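Going line by line, the protein sequences match chains A, B, C and D.
Residue 16 in numbering that gives the first Met the number 0 is what sits at position 17 of the first sequence, and the numbering runs on without skipping anything.
Residue 90 in numbering that gives the first Met the number 0 is what sits at position 91 of the second sequence, and the numbering runs on without skipping anything.
Residue 13 in numbering that gives the first Met the number 0 is what sits at position 14 of the third sequence, and the numbering runs on without skipping anything.
Residue 219 in numbering that gives the first Met the number 0 is what sits at position 220 of the fourth sequence, and the numbering runs on without skipping anything.
For every residue, glycine included, the Cβ atom is placed at its ideal position computed from N, Cα and C.
No experiment lies behind these values; they were computed from the predicted model shown.
Number of protein chains: 4
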Amino acid sequence: MYYASDNAGPAHPKVMQALMRANEGYALPYGKDDAAARVAGRLREIFEAPDAAVHLVATGTAANSLALACMCRPWETVFCADLAHAEEDECGAPEFFTGGAKLTLVETAEGKITPESLEVALARRPRGSVHGVQPGPLTLTNLTERGTLYTPGEVAALAAMAHAGGSAVHLDGARIANALVAAGCSPAEMTWKAGVDAVSFGGTKNGLLGVEAVILFDPDLSWEFELRRKRGAHLFSKHRFLSAQMEAYLHEGLWLEMAAAANAAAAELAHALRRVPGVALLHEPAGNMIHAQWPRAAHRRLTEAGARYYPAGPLEGDGAAPLAARLVCDWSSRAADREAFIALLAG
Amino acid sequence: MYYASDNAGPAHPKVMQALMRANEGYALPYGKDDAAARVAGRLREIFEAPDAAVHLVATGTAANSLALACMCRPWETVFCADLAHAEEDECGAPEFFTGGAKLTLVETAEGKITPESLEVALARRPRGSVHGVQPGPLTLTNLTERGTLYTPGEVAALAAMAHAGGSAVHLDGARIANALVAAGCSPAEMTWKAGVDAVSFGGTKNGLLGVEAVILFDPDLSWEFELRRKRGAHLFSKHRFLSAQMEAYLHEGLWLEMAAAANAAAAELAHALRRVPGVALLHEPAGNMIHAQWPRAAHRRLTEAGARYYPAGPLEGDGAAPLAARLVCDWSSRAADREAFIALLAG
Amino acid sequence: MYYASDNAGPAHPKVMQALMRANEGYALPYGKDDAAARVAGRLREIFEAPDAAVHLVATGTAANSLALACMCRPWETVFCADLAHAEEDECGAPEFFTGGAKLTLVETAEGKITPESLEVALARRPRGSVHGVQPGPLTLTNLTERGTLYTPGEVAALAAMAHAGGSAVHLDGARIANALVAAGCSPAEMTWKAGVDAVSFGGTKNGLLGVEAVILFDPDLSWEFELRRKRGAHLFSKHRFLSAQMEAYLHEGLWLEMAAAANAAAAELAHALRRVPGVALLHEPAGNMIHAQWPRAAHRRLTEAGARYYPAGPLEGDGAAPLAARLVCDWSSRAADREAFIALLAG
Amino acid sequence: MYYASDNAGPAHPKVMQALMRANEGYALPYGKDDAAARVAGRLREIFEAPDAAVHLVATGTAANSLALACMCRPWETVFCADLAHAEEDECGAPEFFTGGAKLTLVETAEGKITPESLEVALARRPRGSVHGVQPGPLTLTNLTERGTLYTPGEVAALAAMAHAGGSAVHLDGARIANALVAAGCSPAEMTWKAGVDAVSFGGTKNGLLGVEAVILFDPDLSWEFELRRKRGAHLFSKHRFLSAQMEAYLHEGLWLEMAAAANAAAAELAHALRRVPGVALLHEPAGNMIHAQWPRAAHRRLTEAGARYYPAGPLEGDGAAPLAARLVCDWSSRAADREAFIALLAG
């Protein structure tokens, strides 16, 4: 009964096997391994972007921060959701990698930036006055931090607004596979065809040990990215072990298969939650993340029984009072665990 | 015949098996896994340092840069060897992580900082004048970049000079296992007993996929290190895969066993090299790295036959003219390869 | 009719005369001039803070940014008003000087942070989770950006909340003289007695050419401040010209005399504005700054006649529609100008 | 008898008078004053560079650091003389403003970088390997820190080497007026005609209170410079007082007149020094700075009598032993002082 995050489950056995196979003899270090080139080629195919630059790193924060740093000068501002990972959960990594760029928070509804809220934020940072920071990139997270989905059309609308003001667009795709499965669209439709300039293509939350690809649709940023990656200590000497994970991930659609499994598990869980009296879903879950609330007494029952997830506050107090929680399913989620969870919750 | 670096060989099978075993069920992310605590405990035992803080990262540059950043304010200077990895091979990572500290280069003889050269460097950066950067930490690399060894006594002499001026001491131990095997001393003797305040304890070059431990003998730096690691995007969500590697590495002395194998391979290679007419060793190799020179014609012969290593210049030109090269052996070095190499070299 | 800012008027003749007198013969550079020591001593007396460190810089942004940098590590956050100069008007200088600290915006009412809004902001940044930035200093601006005043009691209440969470308190005193005149309290009462740890003591907006003093009630920060000042290129070789301005400013209460003149001018202007039909004051002006609104037609009349101030939007459009404006009086404000302004406004 | 530096003497009376005149009524702040435009226009004329961007700051370190930051990405390296002000005397300001760029030291002979030493330095930092920092700008100081002069031809030779490797060229002209007088060439000949891309045009050491102009021959860098200046807290609200100084400085050649006076004073002093037994000049002084040595006993005699200058070591010890010293003359140097100095020296 582990729903705290999708970063705590196992890697897929096929990924582990690929890692074993990669551990043969010598391989050129620092991204010069043959598999690195194969992975880049495969991602270009998947994204229908033959000119894109592709680079691997090992953490999502590195992917986001390095990509944003290539798109943002120190005196510019990154526009991000008020609850974005970049704002809340990276200990200031975007500020560190950009050399001190400011994050301008954009209000969200259901976890999503809206055209209205983006307009307000862009208006706060006009270009051209030396007194204020200048407008820099917009970063969107899809799936969002609330488990909701931007459709390609919604991405396109926001990206168009950003581009109109001279801002580039970054997509934090820590859960992009879940988003693509949910949206039923192609990677290209969700990204460059909708105006996205760079993607953090996450794998760690979806069955890898720790690999993310950064895809830069503007290949002119490639060399700067490489230098920033090295300077940020994120270029692996034994890069082949990153390549191997990502190659297995992309092979025969394993990545989408795992995302589909995670999404299906969450859908089942949400379906069951809806039927438990006293439980309310706070957002319509689109992928593998659920936000819901139920009485504190049930939280205590679950926690004592070993269920793991993030409640939004302390479990003490009035047992009847509702308390929100976040539940995330990963590819390895088991039906039996979900049933046990629901049974405990129902009491 | 791969002697370009010890970062291009395979991980040890026991490490791979540990990785497989670690891939079971759920584990708390971000360094809260049980294995992380076990690894820290084990390293405290090995270093006889019950209060030391221990943290894992995935690259040697991250280990060095984060450790130095905790020991150095932006307006201070790091004293390092003129050919240190931190100066030459990290694309400015120390400057990035410290917030712009200056590196003051200390001259080396046989790859080693000497008391005389350190005295000159320390004198260049007096404390107390607001016009100059202030003295910060000294970083030593052992094994050195030339494959030579600082004895514990030599480390102690340099550390005492640094401490006298208020500078802390960092040890870049990318090859510390090779150094310890070569010196025949304990980890404590080579480090804190000799005045070292923090160690980058390398594993990547010695049979791991990519893990280094940072050991801070001053535990008061621990929380700052954790924040810098997170902010630098070097805190792994699936940290258990770092822990598993390091745990296997430390188990029953595997780390020293691998270092001993690498050192022995290099010793054999050096021994054979000495007997080839026209070959000269440039330094007395202490561990697993050799610097030697031989005629360009032999370089060309080797390279064409697939041998891989770093020559110090272009292979073209007068075939009789000597050209230097660096050869590094890793734990998996095979006798047959070495013999083939020598045979080609001898012509 | 210049009310755009108090940074566009002349310096006081006594200040200019002091500058002339300072231009005699040789003086030790870089803050070693005798006058620097006298100024520091005088400010310690005025603030009843015999141990405080005092340093001079030439811009308010330098004073704020350097002081905050000494109170804030890169992974911490500065709590500041949502309309603070540090957030809106310094092109990211606090981020630059701190090495990338995040600014957490605190909501304001009448330009002032309230205990309620500060509580919300502090709760957003709990100490101890490595994922989020850590709480750093609170900075208050007095007079505020809306021309309102924090009383010593209000400062004390906010400072106590900050201190309870381990945060230090900085006062941006670009208009501290105006605030002190308005509050009728002593410098000590407004600052360290109320819990303020460091003050940017502004002079530039109050009759100097360009000098601000930073007063650090914790003298242990003094040397770090000096190093940051030098590294930030804000240590003047001909420092005597900064000292001379500040010495004249503090002599026989000139600074309070000028602030009183500016405040009185604004009070007169506000009094007259209140009597003009169609004019509404948006805040109760406490010092030398007024926010008011009146019909666009009157704005156009004023602007065409040469009046200078910041309207809150474009002057075009419905002449009857009200539009807000900021008016700031400096020490040299003339009654005749104010009368002409009112006459034009009244139409 | 003050020869410690040319930053400790008075400003020229004409400059002070201009400052008085500038203190009339209101002027637009932040560089929008009319005089700022006039000064920029005048410097474009003087440098025969109608498209150059011109901006004022108040310290030489700000001029150098901001200019270099516009020419250098964080992962690049600045090539500078091993005894450059940027390396030795700015507490790491270039590192701070560039975001952590490394300074690569170039050996000097007689205070000057030579084609041979520059070649060595450029070869240390090849372009294209991600492991090393990338080549960035070359900065030259003229007059040098040893009081010697680069001729326009020498500047051109070094600049050509830099440009060949893709590096831009910056001239630290803290004493450019003295250099131009010494070289007898035009500002254009010494700078852009010789391949210089940006100049720190110093005024502070030559009769101003504290103003330097940065001249960017590539006007595309202008907006970045403005943003960096603001973010660095170096944009003055009462900018008119910077403009006024610089305008007076440039009026009717006052700047060259003052530099000529300083150079002549140093030439006289050098001439007299040569005739004192036991005194040896260490470099041939080209401008207003002399490096010479004489017995310690004479140093003690001078210092006790109130002479101020920088000896290269402690005055104690064998009175007959020679000790070097630096002597700098400013525009206000008096013959009587020089005669007294020589008399004391001669004993």
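### Query
Does D/Glu-315 get closer than 7 Å to chain B when you measure Cβ to Cβ?
no
### Message
Please give the ranges of any alpha helix (DSSP H) in the segment 52-129 of chain D, keeping only runs that are unbroken, at least 4 residues long and fully inside the region.
### Response
59-70, 84-87, 92-97, 114-123
### Query
What residues in the segment 196-230 of chain A bring their beta carbon closer than 7 Å to a beta carbon of chain B?
Thr-203, Leu-208, Gly-209, Leu-226, Lys-229, Arg-230
#### Entry: Where A/Pro-313 sits in the DSSP three-state scheme
coil
### Query
Between the segment 65-92 of chain C and chain B, which residues of the former have a C-beta closer than 7 Å to a C-beta of the latter?
Pro-73, Trp-74
### Query
Shortest alpha-carbon distance to D/Glu-118 belongs to which of D/Glu-89, D/His-130, D/Ala-161, D/Leu-241?
D/Ala-161
### Message
Rounding to the nearest angstrom, what Cα-Cα distance links C/Arg-295 and C/Gly-316 in this structure?
### Response
8 Å
### Query
What is the rounded straight-line gap between the Cα of A/Ala-100 and the Cα of D/Leu-142?
37 Å
### Query
So which residues of chain C does A/Val-14 contact, with C-beta pairs closer than 9 Å?
What A/Val-14 touches in chain C: nothing, since even the nearest Cβ is about 26 Å away.
### Query
Does DSSP put D/Val-213 in a helix, in a strand, or in coil?
strand
### Message
Counting only Cβ-Cβ distances shorter than 8 Å, please list the residues of the segment 231-243 of chain D near chain A, keeping chain order.
### Response
Leu-234
### Contact list for C/His-130 against chain B, beta-carbon separation under 9 Å
Tyr-29, Lys-229, Leu-234
### Query
Touch check for the segment 288-305 of chain A and the segment 193-205 of chain A: three-plus C-beta pairs under 8 Å?
no
### Distance between beta carbons of D/Val-56 and D/Arg-228, contact taken as under 8 Å
6 Å
### Query
Based on Cα-Cα distance, which residue from C/Glu-144, C/Leu-344, C/Ala-48 lies nearest to C/Ala-297?
C/Leu-344
### Task
Indicate whether at least one CB of chain B lies closer than 7 Å to the CB of A/Ala-347.
The requested residue 347 of chain A does not occur in the structure, where chain A is confined to residues 0 to 346.
### Query
What three-state label does DSSP hand B/Ala-35 in the structure shown?
helix
#### Entry: Cβ of D/Glu-94 within 7 Å of any chain B Cβ
yes
### Task
Identify whether B/Ser-166 lies in helix, strand or coil by the three-state DSSP scheme.
coil
### Reduced DSSP secondary structure (H/G/I, E/B, other) of C/His-290
strand
### Task
May I ask you to report which of helix, strand or coil DSSP gives C/Ser-242?
helix
### Query
From C/Pro-276 to C/Gly-312, what distance separates their C-alpha atoms?
21 Å
### Query
Does the pairing of the segment 317-332 of chain C with the segment 5-22 of chain C give three or more beta-carbon distances under 8 Å?
yes
#### Entry: Per DSSP, cross-strand counterpart(s) of D/Pro-321
D/Pro-294
### Closer than 7 Å to chain A by CB, C/Lys-111
no
### Message
Taking 7 Å as the threshold (beta carbon to beta carbon), is A/Gly-127 in contact with chain C?
### Response
no
### Query
Count the other CB atoms within 10 Å of the CB of D/Arg-20; is the residue buried (16 or more) or exposed (fewer)?
exposed
### Query
Counting Cβ pairs, one atom from each stretch, are 3 or more of them under 8 Å apart for the segment 265-279 of chain A and the segment 75-90 of chain A?
no
### Query
B/Gly-98 touches chain E at which residues, Cβ-Cβ below 7 Å?
As a matter of chain content, chain E is missing from the structure shown, whose protein chains are A, B, C and D.
### Query
Taking Cβ to Cβ, would you say B/Leu-208 is nearer than 7 Å to B/Ser-166?
no
### Task
List the DSSP bridge partners of A/Phe-200.
A/Gly-172, A/Ala-212
### Message
By the DSSP assignment, the alpha helix (DSSP H) with D/Pro-134 in it spans what residues?
### Response
Where D/Pro-134 is concerned, there is no enclosing alpha helix (DSSP H), although the beta strand (DSSP E) it sits in stretches over 133-140.
### Message
Is it buried or exposed, C/Lys-111, if we count other Cβ atoms within 10 angstroms and call 16 or more buried?
### Response
buried
### Query
How far does the alpha helix (DSSP H) with B/Asn-363 in it reach, from first residue to last?
Outside the shown range of chain B, which is 0 to 346, sits residue 363 of chain B, and nothing can be said about it.
### Query
Alpha carbon to alpha carbon, what distance is there between A/His-169 and A/Arg-72?
15 Å
### Query
Is D/Gly-183 near D/Met-257, with beta carbons less than 7 Å apart?
no
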